[in-house]
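Q:
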Amino acid sequence: MQFPFGYLATKPNSELIDNITQSVGPSELVEMSLKTLPLLYLNMGGEMCYILDQRLKAQNVKPERSRRVMNDIISTLFNSNFLRKLFEPQEMHSCNGLRLLFDRVAHSSIMRLSPSSTDKLFDLMTMMVKYQIQCSASPYYTLLVTMNHLDGMRRLVQNSPKIQMQIDNAYDLLTINYFSMNFSELMLLRQTMLNFFQEFRVKISVLLKEGQQRQDGRFVIPLNTEIPYGVSKPGIIKYFGKAKQTKRSSFEAGATYLERRSEGNIERIVKNGDRGTELGKNVYSQDESGHGTDVFSFQRMRKRESLAKEELTLLEYLVDSGDRFVLQQLSSLEATKTNMYCH
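Counting from 1, position 192 in the sequence shown corresponds to residue 248 in this note's numbering; the numbering is continuous, with no gaps.
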């Protein structure tokens, strides 16, 4: 299954804009705002799992305990009953509500984080998803980013077919609810997500070092900009009269535009994990090599290992010795587990 990126190239820009404007009314705006929460949840949940997995490895936690922690968290994240309710149209959660939700997910295992560590975890996962959505070349990429997060979490539970089936269920829900959306609907979804992230301006060491973020927390718009598959590079003006092109001129666009060579892929499983973009992949993992668009400054992801080491400067504060990162004996698991569904 592939996205109809060519749709963007088959119509003059003015006609495309007119069609979007005419097709979007107050009811459509409300409808899309009621469908944004699942995308926020899955993408932010993916980043949370990446970070916690990295911290478990950095602290040399025994592999069997690390697997138990990640299995418990991801199983809770993809609880089928919860996902079914999550995908029902509903108002966006407040920031505090979403933070509480992820706090319960993070503590659904034998792992324990202090309140300050939970806050830092939430800030980091929020800023990374904000960066990914803002850097998406097209609203369709919002789904590609989500699929990359599902792929990343699937790799973290390779030893558990049961949990992988839970992730498959999330894929099915995405297929039913989002894969048939048109450009304008996905554009509204992306805008709603960006509106949610608007006030978040936490500084992230990787983004700062790469020059992608300013000291005030705002992102830097790169001069190297990717454009979707099938869309022509800016810099050409075509004049039409009587349904025929009558003139053509060019101008300096002022940036370097990188053209996609293929459409994004949203199949359940893709070869080599290449969905056409690196956005949403695990930047802390040394195993995920880059195939599509790179996450930072469009540089090849051979730098992923060094970037992950740089980010540890921030992550060391996430779970340090003072945060009481308690890994209790597995025998006491049931007595300490937090139930995210009890109220």
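From the three backbone atoms N, C-alpha and C, an ideal C-beta is built for every residue, glycine too.
Check the C-beta distance from residue 109 over to residue 212 and give it rounded, since I have them as a contact under 8 angstroms.
A: In the sequence shown, counting from the first residue as 1, residue 109 sits at position 53. In the sequence shown, counting from the first residue as 1, residue 212 sits at position 156. With a Cβ gap of about 6 angstroms, residue 109 and residue 212 count as contacting.
Q: Between the stretch 319-328 and the stretch 188-202, are three or more C-beta pairs nearer than 8 angstroms?
A: In short, these stretches touch, since the Cβ pair count reaches three.
Q: Rounded to whole angstroms, what's the CA-CA distance from residue 28 to residue 341? Just pull it up for me.
A: Nothing can be reported for residue 28: it is not among the residues displayed for the chain, which extend from 57 to 399.
Q: Can you tell me which of the three DSSP states residue 254 falls into?
A: For the purposes of this step, residue 254 is taken as the residue at position 198 of the sequence shown. It is coil, neither helix nor strand.
Q: Of the residues 147, 180 and 138, which one's Cα is nearest the Cα of residue 161?
A: Indexing the sequence shown from 1 puts residue 161 at position 105. Residue 161 has its Cα closest to that of 138, out of 147, 180 and 138.
Q: Looking at the unbroken alpha helix (DSSP H) that takes in residue 103, where does it start and where does it end?
A: Locating residue 103 in the sequence shown gives position 47, where the first residue counts as 1. Per DSSP, residue 103 belongs to the alpha helix (DSSP H) from 93-114.
Q: Once the 5 residues before and after residue 131 are set aside, which same chain residues still bring their CB inside 7 angstroms of it?
A: For the purposes of this step, residue 131 is identified with residue 75 of the sequence shown, where counting begins at 1. 219 and 222, listed in sequence order.
Q: Using the C-alpha atoms, what's the distance from residue 171 back to residue 122?
A: Counting from one through the sequence shown, the residue named residue 122 turns up at place 66. Counting from one through the sequence shown, the residue named residue 171 turns up at place 115. Rounded to the nearest angstrom, the two C-alpha atoms are 21 angstroms apart.
Q: Answer yes or no: do residue 96 and residue 252 have a C-beta to C-beta separation smaller than 8 angstroms?
A: In the sequence shown, residue 96 corresponds to position 40, counting from 1. In the sequence shown, residue 252 corresponds to position 196, counting from 1. Yes; because the gap between Cβ atoms is below 8 angstroms, this pair is in contact.
Q: Are the CB atoms of residue 246 and residue 189 within a distance shorter than 8 angstroms?
A: Stepping through the sequence shown from its first residue, residue 189 is reached at position 133. Stepping through the sequence shown from its first residue, residue 246 is reached at position 190. In this structure, residue 246 lies closer than 8 angstroms to residue 189 by Cβ.
Q: Rounded to whole angstroms, what's the CA-CA distance from residue 234 to residue 87? Just pull it up for me.
A: Looking up residue 234 in the sequence shown gives position 178. Looking up residue 87 in the sequence shown gives position 31. Cα to Cα, residue 234 sits roughly 13 angstroms from residue 87.
Q: Write down the C-beta distance between residue 206 and residue 187 rounded to the nearest angstrom, noting that I regard them as a contact closer than 8 angstroms.
A: Translated into positions along the sequence shown, residue 206 becomes position 150. Translated into positions along the sequence shown, residue 187 becomes position 131. The Cβ separation is near 19 angstroms, so there is no contact.
Q: Please report how far the alpha carbon of residue 89 lies from the alpha carbon of residue 164, in whole angstroms.
A: Mapped onto the sequence shown, residue 89 falls at position 33. Mapped onto the sequence shown, residue 164 falls at position 108. Their Cα atoms are separated by approximately 29 angstroms.
Q: On the three-state DSSP scale, how would you describe residue 282?
A: As a position in the sequence shown, residue 282 is number 226, starting the count at 1. Reduced to three states, the DSSP call for residue 282 is strand.
Q: Just to confirm, are residue 182 and residue 237 a CB contact at a threshold of 8 angstroms?
A: Walking along the sequence shown from the start, residue 182 turns up at place 126. Walking along the sequence shown from the start, residue 237 turns up at place 181. No, Cβ-Cβ distance for residue 182 and residue 237 is not below 8 angstroms.
Q: For residue 276, count neighbouring Cβ atoms within 10 angstroms of its own Cβ and tell me buried if that reaches 16, exposed if not.
A: As a working mapping, residue 276 is identified with position 220 in the sequence shown. By the 10 Å Cβ count, residue 276 comes out exposed.
Q: Hey, which unbroken runs of the alpha helix (DSSP H) at 4 residues or more fall wholly within the stretch 189-213?
A: With a minimum length of 4 residues, the continuous alpha helix (DSSP H) runs that stay inside the stretch 189-213 are 197-212.
Q: Considering only C-alpha positions, which residue in the set 128, 294 and 324 is nearest to residue 231?
A: The residue given as residue 231 occupies position 175 in the sequence shown. Considering only alpha carbons, the answer is 324.
Q: Whose C-alpha, out of 298, 303 and 280, is nearest the C-alpha of residue 309?
A: Here residue 309 corresponds to residue number 253 of the sequence shown, with the count starting at 1. Of 298, 303 and 280, the residue nearest in Cα terms is 280.
Q: Note the first and the last residue of the continuous alpha helix (DSSP H) segment covering residue 158.
A: Residue mapping note: residue 158 aligns to position 102 of the sequence shown, counting from 1. Per DSSP, residue 158 belongs to the alpha helix (DSSP H) from 151-162.
Q: Pick from 199, 198, 155 and 330: whose alpha carbon is nearest that of residue 179?
A: Your numbering for residue 179 matches position 123 in the sequence shown. For the residues 199, 198, 155 and 330, the minimum Cα distance to residue 179 belongs to 155.
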